[in-house]
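A quick write-up on the structure given underneath.
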Amino acid sequence: MNVLVVGASRGIGLEFVRQYRAAGETVTATARSDDALQALRALGTRAIALDVTRTDSVGGLAWQIDGTAFDVAVIVAGVYRPRTSALEPPTDADFDTVMHTNVLGPMRVVSQIEPALAPGARLAMLSSRMGAIGPRTSASGWLYRASKAAANSVLKDCSTALAGRATCVSFHPGWVRTDMGGAGADLSVEQSVSGMRGVIARLTPADNGRFLDHDGSPIAW
Ligand SMILES: NC(=O)c1ccc[n+]([C@@H]2O[C@H](COP(=O)([O-])OP(=O)(O)OC[C@H]3O[C@@H](n4cnc5c(N)ncnc54)[C@H](OP(=O)(O)O)[C@@H]3O)[C@@H](O)[C@H]2O)c1
């Protein structure tokens, strides 16, 4: 398989790269820093420099992957800030960073990778249960929650626009021990990614447009 991982310098994205490489797949992965790009190349991937918030950077993605047909594409890049507990208003800078990374980024990345999706491809976007509106019982991190609710809307629109060509799903990876999730989280990055890889492998067109936990169980929007 040809696999694309967007946002693979560390955490969940890097683990997707490790596991797909260990399974013998051909992997293209993106990162922002030279060190991360070098580390990805050492894992046997084709590494591409990409900052999803920079128009010039995202705008160059399509031609760099031209000619490849991806069976699986996973959009992982994301940020969580600030760690608010109630209704503290975000600064302009935090609002722009979070919304540009978590919402505008996927919108632009999807338009770049759409022509490079193989027929019947699987497109997964890392969202969060915190973005679910129906089941919500807390307002903590409300800017991040708003961004992931918007990201879910983006994924749903992808599923409609790409129906018949690709199966698109939004993932909650679980609460995972990464820089973002922290040391006290429930799941190791290996457990989370191995669960999501299994779900991706079992996806059928009937799953198009679903919001799934890392173990494949459905989450209400
Ligand atoms: N960990 C959890 O418990 C959890 C729970 C729910 C959802 N998620 C979601 O899962 C995804 C991965 O989370 P994680 O835990 O692996 O987070 P992480 O360890 O903080 O890693 C975040 C990744 O996103 C990349 N990134 C951030 N801004 C970027 C930008 N402007 N352009 C390109 N890449 C950018 C980072 O690259 P740099 O190294 O260059 O900063 C890094 O590779 C995120 O979308 C997150 O919201 C995580």
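With positions in the sequence shown counted from 1, the corresponding number in our numbering is that position plus 65.
Positions of the beta carbon are idealized from the N, C-alpha and C atoms, including for glycine.
Here the structure is a predicted model, which is why all the values come from computation and not from measurement.
Residue i, DSSP secondary structure in three states
i, result
"P200", "coil"
"N67", "strand"
"S176", "helix"
"S235", "strand"
"R97", "coil"
"R187", "strand"
"L79", "helix"
"R230", "coil"
"L108", "coil"
"T114", "The residue you asked about is not Thr; residue 114 is Ala in the sequence shown. In this structure, A114 counts as strand in the three-state DSSP scheme."
Buried or exposed by the 16-neighbour rule on C-beta atoms within 10 Å, applied to residue i
i, result
"E80", "buried"
"R148", "exposed"
"G124", "exposed"
"I284", "buried"
"I130", "buried"
"G89", "exposed"
"P33", "Past the boundaries of the shown model lies residue 33; the chain is included only from 66 to 286, so the question cannot be answered."
"L152", "exposed"
"P238", "buried"
"G109", "exposed"
"G132", "exposed"
"S98", "exposed"
"S224", "buried"
"A112", "buried"
"R267", "exposed"
"A94", "buried"
Three or more C-beta pairs closer than 8 Å, one from the segment 241-251 and one from the segment 199-209: is that the case here?
no
Only counting runs of 3 or more residues, tell me where the beta strand (DSSP E) segments fall wholly within the segment 243-281, in order along the chain.
Segments of the beta strand (DSSP E) lying fully in the segment 243-281: 275-278.
Ignoring anything shorter than 3 residues or poking outside the segment 116-166, list the beta strand (DSSP E) runs there in chain order.
Segments of the beta strand (DSSP E) lying fully in the segment 116-166: 135-140.
Per the contact definition of three or more C-beta pairs closer than 8 Å, is the segment 231-240 in contact with the segment 266-282?
yes
Touch check for the segment 94-105 and the segment 152-162: three-plus C-beta pairs under 8 Å?
no
Is the segment 209-226 in contact with the segment 256-265, if contact means three or more CB pairs nearer than 8 Å?
no
So, do the segment 219-231 and the segment 176-186 have three or more beta carbon pairs nearer to each other than 8 Å?
These segments touch.
Does the contact criterion of 3 or more C-beta pairs under 8 Å hold for the segment 192-200 versus the segment 132-139?
With the cut-off at 8 Å, the segment 192-200 and the segment 132-139 do not touch.
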